[in-house]
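Heads up: the sequence shown begins at 0 in numbering that gives the first Met the number 0, then just goes up one per residue.
Here is the structure we will look at, set down as structure tokens.
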Amino acid sequence: MDDSEKLNRIVEARMKLKARFEEKMKLTPSVADDSPKGSGPVNRHGMPAIPIGQTATSKWPVLDLGYQPNVPLDRWRLTIDGAVENPVRLTWKQFMDLPQTKDVSDFHCVTTWSKLNMHWKGVSLLDLAVLVHPHDNATHVLCYGYDTYTTNISLEEALKPDVLLVHTYEGQPLPIEHGGPVRMITPQLYAWKGAKWIKRIEFLTEDKPGFWEDRGYSNTAYPWRNDRYSDED
Ligand SMILES: Nc1nc2c(c(=O)[nH]1)N[C@H]1C(S)=C(S)[C@@H](COP(=O)(O)O)O[C@H]1N2
Ligand SMILES: [Mo]
0 MDDSEKLNRI VEARMKLKAR FEEKMKLTPS VADDSPKGSG PVNRHGMPAI PIGQTATSKW
60 PVLDLGYQPN VPLDRWRLTI DGAVENPVRL TWKQFMDLPQ TKDVSDFHCV TTWSKLNMHW
120 KGVSLLDLAV LVHPHDNATH VLCYGYDTYT TNISLEEALK PDVLLVHTYE GQPLPIEHGG
180 PVRMITPQLY AWKGAKWIKR IEFLTEDKPG FWEDRGYSNT AYPWRNDRYS DED
């Protein structure tokens with residue numbers, strides 16, 4: 000296969016995946032919400048910049064489970080498996096050779112701070128999904144950190160173009176305390192949905208709660224609906 004054929008295949012796979020999730024993505028709150036709760040100027044998605052109950056901060060607080068794993072790049076691996084046709088276990092070089100995406104987005108922590116306009120570079124989850132080719136019945140992903148953290152996210156949220164596995168923040172390598180060498184970001188959901196020190200992404204055919212979701216945090220985590228904790232407990 001020559002390069003242009005390869006590229007055609009990638010584009011075709013991406014378009015198929017996009018088509019499969021397009022209708023569902025239109026129904027996600029950020030797109031379908033006609034009265035998002037928040038304040039401040041309208042942001043790049045047409046939402047109030049500061050979601051309800053949040054305060055903008057210029058600092059970037061650190062939240063973790065009391066342990067910050069230090070994974071050297073030569074031992075770093077990213078496993079993507081579960082309900083997929085081509086499971087992979089990527090080395091650092093393989094990961095960095097994937098298409099790279101730059102984006103500017105916001106970070107909303109459930110503990111009520113928001114940090115706006117953060118500059119990122121990384122690999123989009125959509126591009127990773129194209130690489131592994133999820134089965135037709137895949138509905139969610141469960142992300143695992145090197146610190147044993149887990150968090151779940153629906154595929155229609157996970158495949159949004161601003162969901163990235165980032166290695167670079169403001170032009171510098173992502174600091175260890177913020178999840179370096181690589182973490183996930185979920186700008187349209189509360190930030191606990193983005194695993195720091197990410198080591199595995201498992202595609203699932205049914206939903207499975209992660210660390211905080213098991214402890215009463217919302218499964219959906221939608222900031223403009225103040226969707227912080229689940230109602231059940
Ligand atoms: N692996 C891992 N990822 C994690 C967490 C964690 O404890 N471990 N905490 C989550 C929470 S609750 C938040 S608010 C953000 C915090 O990211 P920060 O420390 O870079 O601000 O990471 C999320 N991802
Ligand atoms: Mo958080």
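Just so you know, even glycine gets a beta-carbon here, dropped at the ideal spot from N, CA and C.
Since the structure is predicted, the reported quantities are computational estimates derived from the model, not experimental observations.
The beta-carbon separation of LEU173 and VAL165, rounded to 6 Å, stays under the 8 Å limit for a contact. Note that the C-beta distance between ASN136 and ALA82 is below 9 Å.
In the DSSP assignment, ILE9 falls within the alpha helix (DSSP H) that extends over 2 to 25. Burial of GLN187 is indicated by the presence of at least 16 other C-beta atoms within 10 angstroms of its C-beta. Look at ALA55 here: in three-state DSSP terms it is strand. Proximity to ligand 2 was defined by a C-beta distance below 6 Å to any of its heavy atoms, and the residues meeting it, in sequence along the chain, are LEU62, CYS108, VAL109, THR110, ALA190 and TRP191. Under DSSP, TRP119 forms a beta bridge with ASP102 and TYR168. MET183: not part of any alpha helix (DSSP H); member of the beta strand (DSSP E) spanning 182 to 184, first to last residue. In this structure, the CA atom of VAL129 is about 25 Å from the CA atom of ASP73. Straight across, the Cα-Cα distance linking ALA12 with TYR216 is about 34 Å. With contact defined as three or more Cβ pairs closer than 8 Å, the segment 85 to 101 and the segment 205 to 213 are not in contact. Distance between SER229 and GLY65, taken at the CA atoms: about 24 Å. Between TRP191 and VAL109, the CB-CB gap stays under 9 Å.
Excluding sequence positions up to five before and after TRP91, its CB lies within less than 6 Å of the CB of LEU72 and TRP75, all in the same chain and listed in chain order. Within the DSSP secondary-structure output, PHE202 pairs in a beta bridge with GLY81 and VAL140. Between the C-alpha atoms of ARG19 and THR219 there is a straight-line separation of about 21 Å.
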